[in-house]
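Residue numbers (my numbering): 22 to 208. Remarks on the structure that follows.
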C-alpha cells in the first residue's frame with residue numbers, strides 16, 4: 022500500500038517557478054497577517070522619551086478599532102508615561118472610546134474625553150509610572166453608529182521612557198512617581 026502523497030519541495034511554489042523558493046511562503050505569511058492582524062505591539066522604553074500615538078494621530082482616528090501596546094523597561098527600571106495630547110470621544114463612564122492603562126496584575130485605569138469636557142475622564146498631565154518593568158496601554162474605539170454626526174477626535178500623543186525603580190521599602194519623599202490609582206502605580 023503506497024504511503025501518503027508528499028508535496029515536498031513544491032509545497033510553497035510551483036515546480037515550474039524560477040523565483041526564490043521562499044517567496045511564496047512570505048506571501049502566504051503576509052496574507053495571513055493581513056487577514057488576522059495581531060493589533061498589538063511591544064515597545065522597549067529607553068532613557069530618552071519616545072512618542073506613542075493612537076493610530077493615524079493627529080488625524081481623526083477610525084472607529085471600531087482595538088490596539089494593545091506593551092511598554093517594557095530593562096531590568097531594574099520602570100516605565101514612565103505622560104500624555105501630551107488627549108482627545109477621545111467623551112462618554113459616560115468611558116463606555117465608548119477609551120484608553121486603558123495597567124501594570125502587572127493590578128486593576129486597570131480607563132480614560133476618555135478631552136481636557137475641559139464635562140463628560141468623560143481625561144488623564145490630564147498625570148505621570149504614570151509602572152510598579153514593575155512593564156506597562157500596558159489599550160486603545161479601544163466603538164463602532165460608529167449611523168445616526169451620529171461626523172467624528173473629529175484625533176486620539177492621543179504620549180511620551181514614555183525608563184525611570185529607576187524605587188527600592189522595596191518605597192520611594193523617598195519628593196520622588197517623581199506619584200500614585201494616582203491604587204494598585205497600578207507606585208506609592
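Idealized CB from N, CA, C, for every residue including glycine. Please read all numbers here as calculations on a predicted model, not as lab measurements.
Asked                                                                              : Found
Pairwise C-alpha distance: residue 156 and residue 73                              : 13 Å
Reduced DSSP secondary structure (H/G/I, E/B, other) of residue 106                : strand
Reduced DSSP category for residue 91 - H, G, I as helix; E, B as strand; rest coil : strand
Pairwise C-alpha distance: residue 148 and residue 119                             : 18 Å
Alpha-carbon spacing of residue 113 relative to residue 67, whole angstroms        : 36 Å
Extent of the continuous beta strand (DSSP E) to which residue 182 belongs         : 176–185
First and last residue of the uninterrupted beta strand (DSSP E) at residue 161    : 155–161
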